[in-house]
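*Asks:* Quick one: this structure, given as structure tokens, is what I'll be asking you about.
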Amino acid sequence: MGNFDPASDPITISHLNQPTTFAMLKKTIWEMGRDTVEEYRTKGKLPLVVVLDNVRSLNNIGSVFRTSDAFRVEEIYLCGITATPPSPEIHKTALGAEDSVKWSYFANTLDAVKQLKERGYTVCALEQVNGSVSLDRFEPQPNGRYAVIAGHEVNGVDQEVVNAADLCLEIPQEGTKHSLNVAVSTALAIWQFYLALR
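So the number in this note's numbering is just where the residue sits in the sequence shown, counting from 1, plus 65.
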């Protein structure tokens, strides 16, 4: 013990109880080696499109852009009342991810769903419905292409959009509240797809 290499050795409980020879110093932005916007755009993307169905909060929209950038989401479809860049309020939480992540606008979410299905995507609404699939039990196919729809902060995904989806994914919850913030829900769904499709 004491010579643990965090870059190559798996961390176990025994490591946590032993003195180590490295300091857990926070990385600088230079050590993280992030891509420029131009470099990022040339990289392969996760076969996942995020659809925002009438999301009203610009902070939530910006947060979804930032999460989508982190996990190389292919594109974001902004639908209905969902605002589009450029916007100072979106930028406040996106921190420039609105420039790196490809996005398109649709006045009607059903038009976006139709286009995605025509392009061979499996469309998943992120919603609490009878017959939903628990997100933690959903297994995306490695060669599949997916779209996940997140909805309005109060009303969720519109029922007509739910009806048009191939399936609904539901995030299991064990607390007293009935739902999660839309940006948080979308981030959890993106992470699940990222683990399966990266």
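All C-beta atoms in this analysis are idealised placements derived from N, C-alpha and C, irrespective of residue type, glycine included. Being a predicted model, the structure only gives us computed values, none of them experimental.
(1) Let me check one thing: in DSSP terms, what residues is tyrosine 211 bridge-paired to?
(2) Identify which residue in Ala162, Leu253, Val226 has its Cα closest to the Cα of arginine 99.
(3) Between which two residues does the alpha helix (DSSP H) harbouring isoleucine 255 extend?
(4) Determine the direct distance from the alpha carbon of glycine 127 to that of histidine 156, and round the result to whole angstroms.
(5) With a threshold of 7 Å between beta-carbons, can serine 128 be considered close to chain B, or not?
(6) Spatial neighbours of lysine 182 within its chain, please: C-beta separation below 7 Å, excluding the five flanking residues on both sides.
(7) By DSSP, does isoleucine 155 sit in helix, in strand, or in coil?
(8) Under three-state DSSP, which class holds aspartate 201?
(9) Cβ atoms of threonine 147 and leucine 117: under 7 Å apart, would you say?
(10) Could you give the DSSP three-state label for aspartate 118: helix, strand or coil?
(11) Whole angstroms is fine: what's the gap from aspartate 223's alpha carbon to histidine 243's?
(12) Beta-carbon within less than 7 Å of serine 122's beta-carbon, same chain only, minus the 5 sequence neighbours each way: which residues are those?
(13) Can you tell me which of Gln257, Ala252, Val178, Ala261 puts its alpha carbon nearest to the alpha carbon of aspartate 134?
(14) To the nearest whole angstrom, what separates the beta carbons of leucine 191 and alanine 215, a pair I think is in contact under 8 Å?
(15) Confirm, please, whether the CB-CB distance from serine 169 to valine 102 is below 7 Å.
(16) Less than 7 Å between the beta carbons of asparagine 268 and glycine 145, yes or no?
(17) So, at 8 Å on beta carbons, what are the nonlocal neighbours of valine 227 in its own chain, with the 5 sequence-adjacent residues on each side left out?
(18) In whole angstroms, give me the CA-to-CA distance for arginine 184 and glutamate 225.
(19) Let's see if you can read the secondary structure: which residues bound the beta strand (DSSP E) around valine 138?
(20) Please return the same chain residues whose Cβ sits closer than 7 Å to the Cβ of valine 129, not counting the five positions on each side in sequence.
*Replies:* Once the coordinates are examined:
(1) Leu113, Thr187
(2) Ala162
(3) 247-262
(4) 6 Å
(5) No chain B is part of this structure, which consists of one protein chain only.
(6) Val188
(7) helix
(8) helix
(9) yes
(10) strand
(11) 17 Å
(12) Glu218
(13) Ala252
(14) 5 Å
(15) no
(16) This structure leaves residue 268 out entirely; the chain is present only between 66 and 263.
(17) Ala190, Glu192, Val194, Cys233
(18) 20 Å
(19) 138-144
(20) Val115, Leu117, Ile141, Ala248, Thr251
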